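Have a look at the structure below before the remarks.
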Amino acid sequence: MYSSAVEDPTTWTVLFRLVSQESDPHLAESVVLLMIERVDAGSAMEWVDLLPADFQGLPRARLRDVMVRDGVLAGRHVAVDDVSGWTRWLQREVAGSSESQEVLSVLEASGATRRIRGLARERMIALRRRDRGH
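In our numbering, the protein residues as written are 213 to 346.
Below, the structure written as C-alpha cells:
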C-alpha cells in the first residue's frame, strides 16, 4: 500500500498522516526514505520528524545526500576532495547522471564500488559522445 502511495502525489497528505501513526518504526523509516527523494528539503524534514529520534539518523543523512546530489546535478561546484567520502548511495546517484567531468573522473578512479566506478566511466563516455554530436 505504501509503495503505490509514494508514487502518487495526490495521496501524500494521507500518507503523511498514516506514517505518523505507523506502529512499526522500520516501515515508517522506509517510507520516509522514499519520500525524501520526492519532496523539497523543507517538506523532507517534516517527514523525518515523524520518526522516533533513534530512527532519524539514516533519513537525515539521506536528506543531506539528496541535497548534495541535487546541487551537483544543477551544476553547482563541489569540492572534488569530498567526493570519495560520499555515501555509496550518493556516489551511485551522481555517477549515473552528473554532467561534471571532474566529479565523474573522481568517481571513476575512486568510487566505493566497481559498479559506481563503471557507472561513472559509462557516463563520461556518453557525455563525450553527446558533446561530439554522435
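The beta-carbon is built from N, C-alpha and C at its ideal position, and this holds for glycine as well. The structure displayed is predicted, hence computed values, not measured ones.
- Task: Would you give the residue range spanned by the alpha helix (DSSP H) that His-238 belongs to?
- Result: In the sequence shown, residue 238 corresponds to position 26, counting from 1. Here the alpha helix (DSSP H) through His-238 covers 237–248.
Problem set entry | C-alpha gap between Thr-223 and Thr-325, whole angstroms | In the sequence shown, counting from the first residue as 1, residue 223 sits at position 11. In the sequence shown, counting from the first residue as 1, residue 325 sits at position 113. Distance from the CA of Thr-223 to the CA of Thr-325, rounded to the nearest whole angstrom, comes to 36 Å.
- Message: Does Pro-264 come out as helix, strand or coil in the three-state DSSP assignment?
- Response: Numbered from 1 along the sequence shown, position 52 holds the residue referred to as residue 264. Three-state DSSP puts Pro-264 in coil, outside helix and strand.
Notebook entry, point to check: Below 8 Å between beta carbons: does that hold for Arg-327 and Leu-302?
Noted result: The residue labelled residue 327 in the question sits at position 115 within the sequence shown. The residue labelled residue 302 in the question sits at position 90 within the sequence shown. Contact flag unset, no.
query = Is Trp-224 helix, strand or coil by DSSP?
reply = Counting from one through the sequence shown, the residue named residue 224 turns up at place 12. Helix, per DSSP.
Q.
For a minimum of 4 consecutive residues, which ranges assigned as the alpha helix (DSSP H) are wholly contained in the segment 305–331?
A. Complete alpha helix (DSSP H) runs here, min 4: 313–322.
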